Amino acid sequence: MEHYGLQTASGHLTVSAESKEAYAADVLAGLHADAELVVAKYPQKRSALLPLLHLVQSVDGYVTGRGIDFCAEVLELSRAEVSGVATFYTQYKRHPNGEYTVGVCTNTLCAIMGGDEIWDSVSEHLGIGHDETTDDGKVTLERIECNAACDYAPVVMANWEFFDNQTPESTNQLVDDLRAGTPVKPTRGPNSLCSFKQMSRVLAGFNDGLADEGVGAGPASLRGLEVAHENGWAAAKGTDSDSTKDAADDSTKASAEGEKVDGKAAGKHSSVNAPTNEPDEKPGGKPAKDSPAPQAEEATLFDDGSSTAEAEPKGDAPLTGTPASPASQGATAQTGGAAPAGFKTSSFGDGTADAAADGSGPAGWDIKGNANSMLFHTPKSPWYGRTRAEVWFRDEEAATAAGFTNALDRKKKGEDA
């Protein structure tokens with residue numbers, strides 16, 4: 002039997018050989034389709050490992066051997082690299098998990114407020130200990146660290162949803178309801194509790210749209226803000242941008258007075274509503290001051306020298322994502338003129354153009370640039386087809402004048418070293 006991860010004397014954390022059985026064709030096709038969407042969010046494929054582990058866990062209920070193989074294949078990593086990450090984080094399970102993971106916080110404040118008593122009671126009630134599962138496969142019990150809900154201590158989590166101000170009796174009733182299939186409602190967030198597999202899919206990046214169904218920040222969380230508002234207290238004014246100050250004022254007003262900001266009521270804001278900042282932007286959309294010029298990275302064991310090269314996507318549509326805005330305001334090209342009609346001259350100056358939404362460039366321009374690595378690629382580059390252009394150059398002279406380095410020169414320099 003091959004083992005993937007931690008072991009105990011009882012074999013409790015042993016992943017069975019059955020977990021190596023191949024995925025059914027339809028399941029595998031679905032995984033590949035979802036993985037393509039996840040990988041497209043990152044400039045380097047290997048950065049998608051954490052959400053992909055959640056993705057395979059959403060299918061199998063834990064990180065199986067075949068799940069590790071899938072992640073390794075998609076991200077071009079070794080099984081050892083994938084397994085090393087999967088065994089580091091406790092949210093990744095290396096053996097079959099229950100339909101509901103119930104976590105009792107026994108960190109400092111929750112412990113003082115009764116978390117230890119809750120743990121002892123529910124552990125005895127279920128007849129299981131830490132990271133063990135009931136015989137019916139319904140509940141896996143865990144001791145957990147602080148989940149940033151100290152204002153509602155002691156707190157119990159079920160599939161990472163909050164159950165506040167718990168007692169031994171209420172927690173025992175919670176696990177009984179979960180095992181019986183009785184609907185339960187978290188104290189905050191969604192109005193119902195999803196399964197462990199469904200939650201794993203959410204953590205993989207596929208939003209179920211339920212996070213804002215119920216209460217967001219409750220009265221206890223907002224009490225300090227309300228007291229400050231009543232007394233006219235405020236943090237010392239700094240010299241940051243007006244947009245940051247305005248955003249803070251709006252947030253205070255919405256939370257303390259319950260008024261709407263940007264058309265959304267207090268407690269209804271989430272990361273889903275907020276646009277992603279570009280690398281050279283501060284929150285609020287204003288460019289950061291004195292952004293440093295990106296430096297070319299040294300090649301690593303798993304880097305072919307292009308630093309941000311991505312795999313050629315399957316199908317007709319390329320995996321492009323949002324083109325990053327160059328952070329450097331250094332030397333700009335003085336040759337080549339402005340970008341052709343339909344394209345915007347990039348911040349690197351004449352002879353350059355920002356990539357279109359699909360990653361394409363002006364007709365006849367075939368020099369690709371990546372602002373993260375500050376490398377440019379010509380059609381002669383072995384990584385040309387795998388490189389997503391963020392900026393296009395009219396010719397090599399314009400690319401060099403903009404401060405970019407030919408990827409082929411960098412590779413040759415590494416071979417000569």
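Under our numbering, the first residue of the sequence shown is numbered 2, with each subsequent residue one higher. Each residue gets a CB set at the ideal place from its N, CA and C atoms; glycine is no exception. Since the model is a prediction, treat every value here as computed from it, not as a measurement.
Exposure label - residue i; buried when at least 16 CB within 10 Å
i	result
R224	exposed
D121	exposed
A328	Bear in mind that the predicted position of A328 carries a pLDDT of just 36, short of 50, making it unreliable; the figure below should be weighed with that in mind. Buried is the call here.
W366	buried
F71	buried
S271	Caution is warranted here: a pLDDT of 43 is assigned to S271, below 50, making its placement in the model unreliable, and the coordinate value is therefore given only provisionally. So S271 counts as exposed.
I113	exposed
D355	buried
D35	buried
Residue i vs residue j beta-carbon contact at 9 Å
i	j	result
G190	G210	no
L54	Y24	no
C195	N166	no
V64	V40	no
G116	C106	yes
L56	S193	no
A342	G370	no
T188	F163	yes
A152	A81	It should be pointed out that residue 152 corresponds to Asp in this sequence rather than to Ala. Contact flag unset, no.
Y90	F197	no
Nearest-angstrom Cα separation, counted from residue j out to residue i
i	j	result
E227	A236	14 Å
L32	G104	28 Å
G350	L78	38 Å
V156	C111	7 Å
A30	G62	18 Å
E118	T168	8 Å
W384	E37	20 Å
T401	S361	20 Å
V83	K42	19 Å
E143	T346	55 Å
T423	A408	The requested residue 423 is not part of the displayed model; the chain covers only 2 to 418.
V28	P52	17 Å
L204	A339	44 Å
F394	D410	17 Å
A358	L376	20 Å
G182	D132	21 Å
Bridge-paired residues (DSSP) for residue i
i	result
I145	C106
H378	K369
T135	Its beta-bridge partners do not exist; DSSP assigns none.
W393	A354 and K369
V140	Y101
T406	L376
query: What are the uninterrupted segments assigned as beta strand (DSSP E) that are 3 or more residues long and contained completely in the region 157 to 203, given in chain order?
result: Segments of the beta strand (DSSP E) lying fully in the region 157 to 203: 157 to 159 and 162 to 164.
query: Hey, which unbroken runs of the alpha helix (DSSP H) at 4 residues or more fall wholly within the region 48 to 123?
result: Taken in chain order, the complete alpha helix (DSSP H) segments of 4 or more residues contained in the region 48 to 123 are 50 to 61, 66 to 76 and 80 to 87.
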